[in-house]
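First to last, the protein sequences are chains A and B. If you count the first sequence from 1, position 145 lands on 145 in my numbering, and the numbers rise without skipping. If you count the second sequence from 1, position 188 lands on 188 in my numbering, and the numbers rise without skipping.
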Amino acid sequence: MSASGHPVAGRDGLAVLDAEEIRRALTRIAHEILERTHGGDEVVLLGIPTRGVPLARRLAARISDFEGLGVPCGSLDVTMHRDDLRFRPARALGRTDLPRSGVDGKTVVLVDDVLYSGRTVRAALDALTDLGRPRAVQLAVLIDRGHRELPIRADYVGKNLPTSQREVVHVLLAEVDAQDAVMISDEGGRS
Amino acid sequence: MKRHLISAADLSRGDALLILDTAEELASLADRPIKKLPTLRGRTVVNLFFEDSTRTRISFEAAAKRLSADVINFSAKGSSVGKGESLKDTALTLEAMGSDAVVIRHSASGAAHRLAGWVRGSVVNAGDGTHEHPTQALLDAFTIRRRLKGTGARGTGLDGIRVTIVGDVLHSRVARSNVLLLSTLGAEVTLTAPPTLLPLAVDTWPCAVSYDLDTELPKSDVVMMLRVQTERMTAAYFPSVREYSRRYGLDAARMGRLPDHAIVMHPGPMNRGVEIAAEVADSPRSMIVEQVANGVTTRMAVLYLLLGGTEFPAVAS
């Protein structure tokens, strides 16, 4: 990153975060969630497939380590609520798996890997509305890469990463990709 | 996936698994407070039913509505078909009203295939004569997988599962679609029927044939009873209903010969006391009610996968 905060040209294939930095970022987010929700009471973590789900599980495990508190954790698939369904072939659905306690009256923390246009989060808010009425909804992301197209912001951010729209950010997680890393590549398209 | 669903043979193993896995995901919708998804908002599904049907039409209607599509129901009774309008003219009328998908049931085999050449949207075959009924086969495969392999069986087929289909195969579109789809998914299918109720070319089907139900039952994981379709019969295929029932009907004593885990299926409507005894139909092994519930879920999966994505390029097929 240059001093002006603008993305540097030619960082194709660069690792932006390594496993250790991802671990530290998640540890910090877990502490922030506990702080902001006054001890994690009535919190439900919902990961957005694919990579939001293992991230949510890791946050839940950390919160349990710090406070001995079992935070319910689940997954929320947003495919059926997306606004771009008509522009791509129909795709397979991810899993929606709510904790048995449900979401009514809870503080739901949505967890995703990358926050970009904000459209996935909008779809998640819609999907959540059909599942119940949380007391509050918050958003945790590992990477905020900017370029929002909707009035949406994250409550907890692992790393702010200024990017150009031509770049693609890949979050790799051991549960899915066999290693932990955040990579940036110059593929000239939207991820 | 192809643009239309006319025959179970149109589905590759990958397509079939995608439909079953999507249905598995949609099944959780039934437990939610709001049983509706916005996915097909603004799309129109026409139910074009030239033949009587309760469960299939209602099932498709429920499936389309749960995906927020607009549904237009058309039944031949009380329509211009009574005035002699042809299938093509009816189809073009519906087309002009802007339908994205047509679900058709017709007494003529091949009607869905003909229709697919006339309309721009997707065509889903909901039963054409004695030819095929692919969504019934999909919901049966879904029911079998869920029951015998559990709800966590995403991505797996029916490999090694033995299915015995019993009865009026000759007039059954359900049997044909099931043989094609279940064998695609890896199941071993055996047709059991009197020789008069088997089609001539059955030796070309991907299945085994047997005339003796009692020897097949102990080897079966699934037994699927077919309705004796007296309304389609133009000759005497068996001496009497009573004799048919004694040799090919499933009563409690026969059900006792099945392995403990085996399930009993019937596509409905049932002739109780003919192909299936009331005590079997109402037993805990009977999947008949579950099949109806799974029908809505499976048809939602089909409609979503046909209509949920990019519109298919306009081609005359």
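Glycine is no exception: its CB is placed at the ideal position from the N, C-alpha and C atoms. Just so we're clear, the structure is a prediction, and the values are computed from it rather than from any experiment.
query = So which of B:N73, B:T151, B:I58 has the shortest CA-CA distance to T22 of chain B?
reply = Position 22 of the second sequence, counting from 1, holds the residue named residue 22 of chain B. Considering only alpha carbons, the answer is B:T151.
message = Taking 7 Å as the limit between beta carbons, can you name the residues of its chain near V137 of chain A, skipping five residues before and five after?
response = Counted from its first residue, the first sequence places residue 137 of chain A at position 137. The residues are V108, L110, L125, L128.
Residues bridged to E332 of chain B [DSSP beta-bridge criterion] = The first residue shown for chain B is 1 and the last is 317, placing residue 332 of chain B beyond what the model contains.
ask   = Alpha carbon to alpha carbon, what distance is there between H113 of chain B and E95 of chain B?
value = Here residue 95 of chain B is taken as the residue at index 95 of the second sequence, counted from 1. Here residue 113 of chain B is taken as the residue at index 113 of the second sequence, counted from 1. Taking the straight line from one Cα to the other gives about 16 Å.
inquiry  = Residues in the same chain with beta-carbon distance under 6 Å from K2 of chain B, minus the five sequence neighbours each way, listed in chain order, please.
reply    = As a working note, residue 2 of chain B is residue 2 in the second sequence. Within the same chain, K2 of chain B has close Cβ partners D10.
message = What would DSSP say about N294 of chain B, mapped onto helix, strand or coil?
response = As a working note, residue 294 of chain B is residue 294 in the second sequence. Reduced to three states, the DSSP call for N294 of chain B is helix.
T39 of chain B versus M300 of chain B - alpha carbon distance = The residue given as residue 39 of chain B occupies position 39 in the second sequence. The residue given as residue 300 of chain B occupies position 300 in the second sequence. Distance between the alpha carbons of T39 of chain B and M300 of chain B is about 11 Å.
key: Close Cβ partners of R51 of chain A (< 7 Å) along its chain, the five nearest in sequence each way excluded   = Residue 51 of chain A sits at position 51 when you count from the first residue of the first sequence. Here the set comprises D113, V171, L173, V176.
task = Give, in chain order, every residue of the region 1-25 of chain B whose Cβ lies closer than 7 Å to some Cβ of chain A.
result = L18, D21, T22, E25
message = Let me check understanding here. Comparing Cα to Cα, which of B:L185, B:S177, B:V169, B:N178 lies closest to D159 of chain B?
response = Translated into the one-based positions of the second sequence, residue 159 of chain B becomes position 159. Nearest C-alpha to D159 of chain B: B:L185.
request  = Within the region 5-58 of chain A, note down every full alpha helix (DSSP H) run reaching 4 residues or more, in order along the chain.
outcome  = 19-36
key: Cβ contact (3+ pairs, closer than 8 Å) linking the region 221-238 of chain B and the region 196-211 of chain B   = yes
request  = Name the residue from B:G42, B:I161, B:D203, B:V166 whose alpha carbon lies nearest to the alpha carbon of S183 of chain B.
outcome  = In the second sequence, counting from the first residue as 1, residue 183 of chain B sits at position 183. It is B:I161 whose Cα lies nearest to the Cα of S183 of chain B.
query = Given a threshold of 16 other Cβ atoms within 10 Å of its Cβ, counted over all protein chains shown, does A90 of chain A qualify as buried or as exposed?
reply = Position 90 of the first sequence holds residue 90 of chain A. A90 of chain A is buried by the Cβ-count criterion.
query = Hey, out of A:V169, A:I152, A:Q165, whose CA is closest to K159 of chain A's CA?
reply = One-based indexing of the first sequence puts residue 159 of chain A at position 159. For the residues A:V169, A:I152, A:Q165, the minimum Cα distance to K159 of chain A belongs to A:V169.
request  = For the region 148-163 of chain A and the region 18-31 of chain A, state whether three or more C-beta atom pairs, one from each stretch, are separated by less than 8 Å.
outcome  = yes
task = Under 9 Å between beta-carbons, which chain B residues line up against D177 of chain A? List them in chain order, please.
result = Position 177 of the first sequence holds residue 177 of chain A. Correct list: empty, because the minimum Cβ distance to chain B is about 19 Å.
inquiry  = Would you say T107 of chain A lies against chain B (beta-carbon separation less than 9 Å)?
reply    = As a working mapping, residue 107 of chain A is identified with position 107 in the first sequence. False, the Cβ-Cβ gap to chain B never drops below 9 Å.
ask   = Quick one: does S28 of chain B have its CB under 9 Å from some CB of chain A?
value = As a working note, residue 28 of chain B is residue 28 in the second sequence. It does: the Cβ of S28 of chain B has a partner Cβ on chain A nearer than 9 Å.
ask   = Near A314 of chain B, which residues of its chain fall below 8 Å by C-beta distance, leaving aside the five closest residues on each side in sequence?
value = As a position in the second sequence, residue 314 of chain B is number 314, starting the count at 1. Here the model assigns A314 of chain B a pLDDT of 45, short of 50, so the residue's position is not dependable, and the following value carries that caveat. Cβ within range, chain order: R120.
key: Proximal chain A residues relative to L138 of chain B, where beta-carbon distance stays under 7 Å   = If you number the second sequence from 1, residue 138 of chain B lands on position 138. Correct list: empty, because the minimum Cβ distance to chain A is about 16 Å.
query = Is DSSP giving R120 of chain B helix, strand or coil here?
reply = Taking the first residue of the second sequence as 1, we reach residue 120 of chain B at position 120. Note: R120 of chain B maps to coil in three-state DSSP.
request  = Check the Cβ of T96 of chain A against every Cβ in chain C and list those closer than 8 Å, keeping chain order.
outcome  = Included in the structure are the protein chains A and B, with no chain C among them.
message = Given this structure, state the Cα-to-Cα distance separating W118 of chain B from R105 of chain B, to the nearest angstrom.
response = Numbered from 1 along the second sequence, position 118 holds the residue referred to as residue 118 of chain B. Numbered from 1 along the second sequence, position 105 holds the residue referred to as residue 105 of chain B. Whole-angstrom Cα-Cα distance: 16 Å.
message = Buried or exposed, going by whether 16 or more other CB atoms sit within 10 Å of the CB of D84 of chain A?
response = By one-based count along the first sequence, residue 84 of chain A stands at place 84. Label assigned to D84 of chain A: exposed.
Beta carbon of V53 of chain A nearer than 9 Å to that of P72 of chain A = For this step, residue 53 of chain A is matched to residue 53 along the first sequence. For this step, residue 72 of chain A is matched to residue 72 along the first sequence. Result no, Cβ atoms of V53 of chain A and P72 of chain A do not sit closer than 9 Å.
task = Using a Cβ cut-off of 7 Å, pull out every chain B residue sitting near R88 of chain A, in sequence order please.
result = Working through the first sequence from its first residue, we reach residue 88 of chain A at position 88. What R88 of chain A touches in chain B: G309, T310.
ask   = Can you tell me the Cα-Cα spacing of E216 of chain B and T234 of chain B, whole angstroms?
value = In the second sequence, counting from the first residue as 1, residue 216 of chain B sits at position 216. In the second sequence, counting from the first residue as 1, residue 234 of chain B sits at position 234. About 29 Å.
Where the region 268-301 of chain B meets chain A: residues whose CB sits under 8 Å from a CB there = none
inquiry  = Would you say P134 of chain B lies against chain A (beta-carbon separation less than 9 Å)?
reply    = Along the second sequence, read from residue 1 onward, the residue named residue 134 of chain B stands at position 134. Closer than 9 Å: no.
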